[in-house]
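To keep things clear, I will list the structure first and then write my remarks on it.
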Amino acid sequence: MTPDQLVSSAQALIRIPEGDGAGLWPRTAAVLGRQAIESALRQYWRLRQPGLEHCSSHAQLLCLVAYLNKKELARETADAWATLSRACHHHPYELSPTAEELSGWLSTARTFAEEVKRQSASGS
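The letter at position 16 of the sequence shown is residue 46 when you use my numbering, and the numbering goes up by one with no holes.
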């Protein structure tokens with residue numbers, strides 16, 4: 031699946047009524063969002079700095095601020111990835127993320143994926 035398809039699937043999960051899969055969709059949507067960012071990162075590094083896509087996601091995100099021409103987007107993407115990663119796991123005494131929180135993080139994932147697609151198309 032492409033990063034855009036992963037984000038779209040995650041957004042579809044957010045729209046599921048609370049009774050149909052309560053407790054499952056937030057973590058599933060978080061996993062899909064994180065996968066979208068990781069997939070877009072791999073595409074970005076193949077274009078900009080081949081070989082870097084083999085590093086850990088954390089290392090790739092640290093490097094992203096130095097390479098991406100949109101520094102704020104790089105920081106937001108790193109923050110979204112970290113928060114989505116945390117949301118993927120059950121933590122005692124913590125609530126699952128809300129649909130609104132997930133929607134914001136998924137919006138960042140989509141924006142980053144669109145930027146990678148734009149740069150791939152322009153060859154920059």
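We put the beta carbon where it would ideally sit given N, CA and C, even for glycine.
Span separating the alpha-carbon of residue i from that of residue j
i: Arg64; j: Ala96; result: 21 Å
i: Ala117; j: Gly153; result: 34 Å
i: Leu92; j: Leu71; result: 11 Å
i: Ala110; j: Ser137; result: 9 Å
i: Leu125; j: Arg45; result: 18 Å
i: Pro122; j: His88; result: 24 Å
i: Ala129; j: Val37; result: 13 Å
i: Lys101; j: Pro33; result: 20 Å
i: His42; j: Leu54; result: Per the sequence presented here, residue 42 reads as Ala, with His not at that position. One C-alpha to the other measures close to 13 Å.
i: Gln90; j: Asn99; result: 15 Å
Residue of the options minimising C-alpha distance to residue i
i: Leu132; options: His119, Leu114, Arg148; result: Leu114
i: Ala112; options: Ile46, Glu130, Pro33, Ala139; result: Ala139
i: Ala151; options: Gly134, Tyr74, Ala129, Tyr123; result: Tyr74
i: Ser86; options: Ile67, Thr58, Leu43; result: Ile67
i: Thr107; options: Ala129, His84, Arg148, Gly134; result: Gly134
i: Ala62; options: Leu77, His84, Met31; result: The sequence shown places Leu at residue 62, rather than the Ala named in the question. For Leu62, the nearest C-alpha among the options comes from Met31.
Three-way DSSP call (helix, strand, coil) for residue i in this model
i: Thr32; result: coil
i: Arg140; result: helix
i: Arg45; result: coil
i: Gly153; result: coil
Contacts around residue i, its chain only, beta-carbon distance under 7 Å, and the 5 residues preceding and following it disregarded
i: Leu103; result: Thr141, Phe142, Glu145
i: Pro127; result: Pro56, Ala60, Ala117
8 Å Cβ shell around residue i - same chain, five flanking residues per side excluded
i: Gln79; result: Cys93, Tyr97
i: Gly81; result: Trp75
Residue i at chain B interface by Cβ criterion, 9 Å
i: Ala110; result: Among the protein chains of the structure shown there is no chain B, as only one such chain exists.
Residues near residue i by beta carbon distance below 6 Å, same chain, minus five either side
i: Ser69; result: Pro33
**Study point:** 4-residue-minimum alpha helix (DSSP H) runs that sit fully inside the stretch 101–128, ordered along the chain
**Key:** 101–117
Point to revise | 4-residue-minimum alpha helix (DSSP H) runs that sit fully inside the stretch 55–106, ordered along the chain | key: 55–78, 87–97
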